[in-house]
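Engineer: This is the structure, below, for whatever I ask next.
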Amino acid sequence: MGKPHFPALPFVQTAEYPGFPTDLQSQLLAVLLRARGTSRVRETIFESRFRAAEEFRKLGGQVDICGQDCTVHGTESLAGAVVESHELRGGAALLLAGIFARGTTTVLDEGYIARGYEQPERVLSALGAHIEKR
Numbered sequence: 001m002g003k004p005h006f007p008a009l010p011f012v013q014t015a016e017y018p019g020f021p022t023d024l025q026s027q028l029l030a031v032l033l034r035a036r037g038t039s040r041v042r043e044t045i046f047e048s049r050f051r052a053a054e055e056f057r058k059l060g061g062q063v064d065i066c067g068q069d070c071t072v073h074g075t076e077s078l079a080g081a082v083v084e085s086h087e088l089r090g091g092a093a094l095l096l097a098g099i100f101a102r103g104t105t106t107v108l109d110e111g112y113i114a115r116g117y118e119q120p121e122r123v124l125s126a127l128g129a130h131i132e133k134r
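Per the numbering used here, the sequence shown runs over residues 1 to 134.
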C-alpha cells in the first residue's frame, strides 16, 4: 500500500447545504485513513454517525471518537478483516477502506450497501478493485 500521498485535513465539519454533506462524512473518513497526518471531522447533523469509524479499527485504522468529533490518524497500512455495515453510507465507506487494506476484507450485512448502490462490486471492479459478492 505504501506511504500516504496526500495531506490530512485539519478540520471538516458537516453542515446543511452549502456546507460539507453529512452523507459523505463516512466515505471521507475512509479516505482520511490514508492521509499524511491527523484529520478531525465534526458531525453536526446526526448523532451516532461514526459507526463505520468504529469498524475501521478492525482494519487497523487509528481513529478516536469523542462526542461529535472523530479524529483520524493516517496510516501506511491497513489489514483486511471482517467488518460490519450498519447503514448505507457507512457500508460504502467500509468498501473503500477494504480496498485500501492488504488481504481480504469481508463486509457483513451488505444489504445496506445494495439498498443504495446498484452493483457496487461491478463498478469498483471496473476501477481495479477485486470484489466478490457472496
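For every residue, glycine included, the Cβ atom is placed at its ideal position computed from N, Cα and C.
Since the model is a prediction, treat every value here as computed from it, not as a measurement.
Under a Cβ-count criterion, where at least 16 other Cβ atoms within 10 Å of its own Cβ denotes burial, should Cys70 be classed as buried or exposed?
Structural biologist: Stepping through the sequence shown from its first residue, residue 70 is reached at position 70. Looking at its Cβ environment, which holds 16 or more other Cβ atoms inside 10 Å, Cys70 is buried.
Engineer: With a threshold of 16 other CB atoms inside 10 Å of the CB of Gly111, please say whether the residue is buried or exposed.
Structural biologist: On the sequence shown, residue 111 is found 111 positions in, with the first residue counted as 1. So Gly111 counts as exposed.
Engineer: Determine whether the beta carbon atoms of Ala30 and Phe6 lie at a separation below 8 Å.
Structural biologist: Numbered from its first residue, the sequence shown carries residue 30 at position 30. Numbered from its first residue, the sequence shown carries residue 6 at position 6. Taking 8 Å as the Cβ cut-off, Ala30 and Phe6 do not qualify as a contacting pair.
Engineer: Touching or not, the stretch 12 to 19 and the stretch 84 to 91, by the rule of three or more beta carbon pairs under 8 Å?
Structural biologist: no
Engineer: Please return the same chain residues whose Cβ sits closer than 7 Å to the Cβ of Tyr117, not counting the five positions on each side in sequence.
Structural biologist: One-based indexing of the sequence shown puts residue 117 at position 117. Answer for Tyr117: Ala92, listed in chain order.
Engineer: Under 8 Å between the Cβ atoms of Arg49 and Glu43?
Structural biologist: For the purposes of this step, residue 49 is taken as residue 49 along the sequence shown, with counting starting at 1. For the purposes of this step, residue 43 is taken as residue 43 along the sequence shown, with counting starting at 1. Yes, these two residues count as a Cβ contact at 8 Å.
Engineer: Less than 7 Å between C-beta atoms, sequence neighbours within five positions excluded: which residues of the same chain meet that for Ala114?
Structural biologist: In the sequence shown, residue 114 corresponds to position 114, counting from 1. The answer is none, since no qualifying residue turns up.
Engineer: DSSP three-state label for Glu76, please.
Structural biologist: Stepping through the sequence shown from its first residue, residue 76 is reached at position 76. Note: Glu76 maps to coil in three-state DSSP.
Engineer: Straight-line CA distance for Ile131 to Ile99?
Structural biologist: Looking up residue 131 in the sequence shown gives position 131. Looking up residue 99 in the sequence shown gives position 99. Within the model, the alpha-carbon separation for Ile131 versus Ile99 is close to 9 Å.
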